[in-house]
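Residue numbers (our numbering): 8 to 339.
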Amino acid sequence: MKSNVCLTGIKPTGIPHIGNYFGAIKPAIELAARYEARYFIADYHALNTLKDPVLLKELTYKLAATWLACGLDPDTMLFYRQSDIPETFELTTILMAFTSKGLMNRAHAYKACVQENTQAGNDPDAGVNMGLYTYPVLMAADILLFNTNLVPVGKDQKQHVEMAADIAQSLNFAYGKDLLTVPEPVISETTQVVAGLDGRKMSKSYDNVIPLFIPSKQLRKIVMKIVTNSQGVDEPKNPEDAHLFSLYQLFAAPEEQAAARERYLAGGMGWGQAKQELFEAMDAYLAPMREKYERFMQDPSRIERILKEGAEKARPIASATVERVRNALGIN
Ligand code: TRP
Numbered sequence: 008m009k010s011n012v013c014l015t016g017i018k019p020t021g022i023p024h025i026g027n028y029f030g031a032i033k034p035a036i037e038l039a040a041r042y043e044a045r046y047f048i049a050d051y052h053a054l055n056t057l058k059d060p061v062l063l064k065e066l067t068y069k070l071a072a073t074w075l076a077c078g079l080d081p082d083t084m085l086f087y088r089q090s091d092i093p094e095t096f097e098l099t100t101i102l103m104a105f106t107s108k109g110l111m112n113r114a115h116a117y118k119a120c121v122q123e124n125t126q127a128g129n130d131p132d133a134g135v136n137m138g139l140y141t142y143p144v145l146m147a148a149d150i151l152l153f154n155t156n157l158v159p160v161g162k163d164q165k166q167h168v169e170m171a172a173d174i175a176q177s178l179n180f181a182y183g184k185d186l187l188t189v190p191e192p193v194i195s196e197t198t199q200v201v202a203g204l205d206g207r208k209m210s211k212s213y214d215n216v217i218p219l220f221i222p223s224k225q226l227r228k229i230v231m232k233i234v235t236n237s238q239g240v241d242e243p244k245n246p247e248d249a250h251l252f253s254l255y256q257l258f259a260a261p262e263e264q265a266a267a268r269e270r271y272l273a274g275g276m277g278w279g280q281a282k283q284e285l286f287e288a289m290d291a292y293l294a295p296m297r298e299k300y301e302r303f304m305q306d307p308s309r310i311e312r313i314l315k316e317g318a319e320k321a322r323p324i325a326s327a328t329v330e331r332v333r334n335a336l337g338i339n
């Protein structure tokens, strides 16, 4: 019997890439062996920045198909779409009354917007909508609704989970210590940062991503764009110093990695060849999942059905939490 709940969500704001897979999806699926897993698509979080209905729908299906192709088993893990759980929004409203405005002012993501605006000489709140400003409250509702113990997230989201814990504690302090489960962030130490084409963290905002599921030919083209230094074919190369090699390590078996390390150090292998080897390792690793992904994408009604069934299983848990909280508040 798994006693702890592990929950995380991903926003459908871009096409899932290699960084999402190694940084979020793969570790989350591994955690499901030990924890009660609850994973969802945070479409209302996406709405703050994405206002194209066709694209939002498309990216939602692509993200769902990605989770499923990467091994999320909807029979043993709860898998749903945030917008299908209306209890989320009732709990959000309740949590608003327990969240100080000052706490939101301190959120890194909001502070970064303000700083950017200030530097550009704009109004500090230019382009900031209330959804963005209160983003951590909606996220706290996602987490607290499902009695979550652990939230696997990237470093950038750690503060948001800590805020959810703070908010839970304020309610527990006021109404009794067992009202809400206090969550903890889990940051995976091993694969938290995947390098992008230019060597910086792979991220949509840096425009340096390698999409997870694209046809082989396109994948090869993108791999060939990885930035390297200008060392010639004969020169020995330092694998520790090449993000090309760090990407290779994600896809190749340990023996292959050791052999490649030798080839780097010996010299005689040009960057072109190293890229070709990376592409081959990637393609072999991704092909079986890519096939599943394509099958899901050809049948959106199947994705829709899985998400709806997930919501049906999730809602009783969510409504029990809302009921418990309402009773405590005297709103019943
Ligand atoms: N804010 C997260 C991100 O940008 C997505 C998210 C929304 C989330 N709700 C959540 C993550 C609840 C963990 C738990 O990546």
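Cβ coordinates follow ideal geometry from the N, Cα and C atoms, glycine included. Note that the structure is a prediction, hence the values are computed from the model and not measured.
Within the present structure, is the beta-carbon of I17 separated from the nearest heavy atom of the ligand TRP by less than 7 Å?
-> Yes, Cβ of I17 sits closer than 7 Å to a heavy atom of the ligand TRP.
Between which two residues does the beta strand (DSSP E) containing F105 stretch?
-> It is not in any beta strand (DSSP E) - F105 carries neither H nor E in the DSSP assignment.
Residues near E43 in its chain [Cβ-Cβ closer than 6 Å; skip 5 each side] | Residues of the same chain with a CB within less than 6 Å of the CB of E43, apart from the 5 flanking positions on each side, are K9 and V12 in chain order.
Return the chain-ordered list of same chain residues with a C-beta closer than 6 Å to the C-beta of M289, the five sequence neighbours on each side being excluded.
-> So the list reads F258, once near-sequence residues are dropped.
Nonlocal neighbours in the same chain, by C-beta distance under 8 Å from E191, ignoring five residues either side | Same-chain partners within the cutoff: N156, L157, V158, V168 and A172.
List the endpoints of the continuous beta strand (DSSP E) containing E301.
-> Unbroken run through E301 is the alpha helix (DSSP H), W278 to M304; no beta strand (DSSP E).
What are the start and end residues of the alpha helix (DSSP H) that includes R322?
-> Per DSSP, R322 is one residue of the alpha helix (DSSP H) stretching across P307 to L336.
Nearest residue (CA-CA) to E311, options A127, I48 and P131 | For the residues A127, I48 and P131, the minimum Cα distance to E311 belongs to I48.
Do you know offhand how far R268's Cα is from V230's?
-> Approximately 19 Å, taken between the alpha carbons.
Decide if the stretch 86-105 is in contact with the stretch 315-328; the criterion is three or more beta carbon pairs, one per stretch, under 8 Å apart.
-> Judged by Cβ distances under 8 Å, the stretch 86-105 makes contact with the stretch 315-328, as three or more pairs qualify.
Nearest CA to the CA of N215: which residue from V201, I101, A294 and D248?
-> Taking each of V201, I101, A294 and D248 in turn and checking the Cα distance to N215, the smallest one comes out for V201.
Specify the secondary structure class of E191 as computed by DSSP and reduced to three states.
-> DSSP places E191 in strand when its eight states are reduced to three.
Look at the alpha carbon of A240 and the alpha carbon of M276, and state the distance between them as a whole number of angstroms.
-> The amino acid at residue 240 is misidentified as Ala; the sequence shows Val. Separation of V240 and M276 (C-alpha to C-alpha, rounded to the nearest whole angstrom) is 5 Å.
Going by the beta-carbon positions, is the gap between Y28 and L219 smaller than 8 Å?
-> Yes, Cβ-Cβ distance for Y28 and L219 is below 8 Å.
Tell me whether L14 counts as near the ligand TRP, meaning its Cβ is closer than 7 Å to at least one heavy atom of that ligand.
-> True, at least one ligand heavy atom lies under 7 Å from that Cβ.
To the nearest angstrom, report how far apart E262 and F180 are at their CA atoms.
-> One Cα belongs to E262, the other to F180, and the distance between them is close to 54 Å.
Determine the contact status of N30 and G203, defining contact as a CB-CB distance below 8 Å.
-> Inspection of the sequence shows that residue 30 is occupied by Gly rather than by Asn. It is not a contact, given that the beta carbons lie outside the stated cut-off.
Considering only C-alpha positions, which residue in the set H115, G128, N136 and M137 is nearest to Q166?
-> For the residues H115, G128, N136 and M137, the minimum Cα distance to Q166 belongs to H115.
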